[in-house]
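Using full-length UniProt numbering, the letters of the sequence shown map in sequence onto residues 1 to 234. All remarks here apply to the structure that follows.
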Amino acid sequence: MLKIENLNVFYGGIHALRGISLEVPDRKIISLIGANGAGKSTTLKAIMGLVPKSEGKVAFDEKDITSAQTKDIVGSGIVLCPEGRRVFPDLTIAENLTLGAYLRKDKEQIKKDKQWVYELFPRLLEREWQLAGTLSGGEQQMLAVGRAIMSKPKLLMLDEPSLGLAPLVVKDIFSIIRQINDAGVNILLIEQNAKAALEIADHAYVMETGSITLSGTGKELLASDLVKKAYLGE
């Protein structure tokens with residue numbers, strides 16, 4: 001599905017990604033954990049073509065997309081749900097969702113996908129004509145994920161979906177991530193809530209200062225003394 005090999009990114013004189021390699025196999029949830037500044041968000045931006053790569057290769061469905069433009073990467077089926085939600089505040093919930101399907105032409109399937117989003121997030125249906133800027137943080141996160149789904153992704157990349165949310169909302173978001181994956185959408189998840197990220201992950205990677213320092217199944221990393229000490233507060 002997605003394969004990254006020896007990816008390097010520089011911000012000025014800062015070596016932000018140092019030869020990272022990782023894979024997102026078909027129908028899996030892959031989590032990427034690490035402290036602030038470890039390079040997690042940069043990894044997603046590099047995949048999307050939002051930051052220049054100095055070295056390395058990104059392949060999706062066995063096609064080289066290393067130098068592809070962002071709109072073409074989205075068209076190929078990779079969608080990023082960014083940190084901070086980034087909804088359009090002056091547009092309604094319905095309008096935000098419609099914009100998520102901007103590149104699509106299959107009108108009947110778009111209607112079905114919008115219905116699926118409302119099934120996943122009933123609260124959005126209740127407030128369909130409410131302006132996104134007036135929603136709570138949790139509701140905006142639901143909308144951001146729903147808008148990303150409207151692009152019909154093969155691979156959905158989520159950057160800190162639980163950031164700043166109440167524990168009950170976080171639980172709902174992670175349950176829905178699992179449902180989205182069960183429906184056939186691959187997931188690459190960046191998350192500072194390491195415990196939640198590892199519990200949901202089929203496979204996970206630990207990043208430190210631009211490098212991948214550890215990888216394994218979610219269960220293996222949950223049991224790792226190094227991970228427990230550094231990220232789980234044990």
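Here a beta-carbon is modelled for each residue, glycine too, at the ideal position from N, C-alpha and C. Keep in mind that this is a model prediction, so the values were computed, not measured.
Between the alpha carbons of Gly37 and Thr209, how many angstroms are there, rounded? Position 37 of the sequence shown, counted from the start, is the residue given in the question as residue 37. Position 209 of the sequence shown, counted from the start, is the residue given in the question as residue 209. Roughly 7 Å between the two C-alpha positions.
From the DSSP output, in three-state form, read off Asp106 for me. Here residue 106 corresponds to residue number 106 of the sequence shown, with the count starting at 1. Of the three classes helix, strand and coil, the one that applies to Asp106 here is coil, per DSSP.
Which same chain residues, not among the five before or five after Tyr118, have their C-beta less than 7 Å away from its C-beta? Indexing the sequence shown from 1 puts residue 118 at position 118. Excluding sequence neighbours, Tyr118 sits near Leu124 and Leu125.
Apply the 10 Å Cβ neighbour rule to Gly233 and answer buried if 16 or more other Cβ atoms are within range, or exposed otherwise. As a working mapping, residue 233 is identified with position 233 in the sequence shown. Only exposed fits Gly233, as fewer than 16 other CB atoms lie within 10 angstroms of its CB.
Compute the Euclidean distance between the alpha carbons of Asp90 and Ala132, then round it to the nearest angstrom. Counted from its first residue, the sequence shown places residue 90 at position 90. Counted from its first residue, the sequence shown places residue 132 at position 132. Between Asp90 and Ala132, the C-alpha separation is close to 7 Å.
Identify, in the order they occur along the chain, each residue of the same chain with its Cβ nearer than 7 Å to the Cβ of Leu17, setting aside the five sequence neighbours on each side. One-based indexing of the sequence shown puts residue 17 at position 17. Answer for Leu17: Leu7, Asn8, Val9, Gly39, Thr42, Thr43, Ala46 and Gly210, listed in chain order.
Would you list the one or two residues that DSSP bridges to Thr92? The sequence position of residue 92 within the sequence shown is 92, counting from 1. DSSP lists Leu131 as partners of Thr92.
Separation of Trp129 from Ala148, as counted between CA atoms: Translated into the one-based positions of the sequence shown, residue 148 becomes position 148. Translated into the one-based positions of the sequence shown, residue 129 becomes position 129. Straight-line Cα distance between these residues: approximately 19 Å.
In whole angstroms, what separates the C-alpha of Lys105 from that of Asp225? As a first step, residue 105 is located in the sequence shown; it is residue number 105 there, counting from the start. As a first step, residue 225 is located in the sequence shown; it is residue number 225 there, counting from the start. Our two residues, Lys105 and Asp225, have alpha carbons roughly 50 Å apart in a direct line.
Cα separation between Ala223 and Thr92? Working through the sequence shown from its first residue, we reach residue 223 at position 223. Working through the sequence shown from its first residue, we reach residue 92 at position 92. For Ala223 and Thr92, the distance between alpha carbons rounds to 44 Å.
Rounded to whole angstroms, how far is the Cβ of Ser31 from the Cβ of Leu168, which I believe are closer than 8 Å? Residue 31 sits at position 31 when you count from the first residue of the sequence shown. Residue 168 sits at position 168 when you count from the first residue of the sequence shown. Contact between Ser31 and Leu168 is ruled out by a C-beta separation of about 21 Å, above the 8 Å threshold.
Run through the region 117-163 for me and flag every whole alpha helix (DSSP H) of 4 or more residues, listed as ranges in chain order. Listed in chain order, the complete alpha helix (DSSP H) runs (minimum 4 residues) inside the region 117-163 are 122-126 and 137-149.
Is Tyr102 buried or exposed, if buried means 16 or more other CB atoms sit within 10 Å of its CB? By 1-based counting over the sequence shown, the position of residue 102 is 102. Tyr102 is exposed by the Cβ-count criterion.
When the Cα of Lys152 is compared with those of Asn186, Gln141, Leu165 and Thr134, which residue comes out closest? Taking the sequence shown and counting its residues from 1, the one referred to as residue 152 is at position 152. Checking every option, the nearest Cα to that of Lys152 belongs to Asn186.
C-alpha distance - Gly49 paired with Glu5, whole-angstrom precision: Mapped onto the sequence shown, residue 49 falls at position 49. Mapped onto the sequence shown, residue 5 falls at position 5. Rounded to whole angstroms, Gly49 to Glu5 spans 15 Å at the Cα level.
What do you reckon, are the CB atoms on Gly218 and Ala230 nearer than 8 Å? The residue labelled residue 218 in the question sits at position 218 within the sequence shown. The residue labelled residue 230 in the question sits at position 230 within the sequence shown. No; because the gap between Cβ atoms is not below 8 Å, this pair is not in contact.
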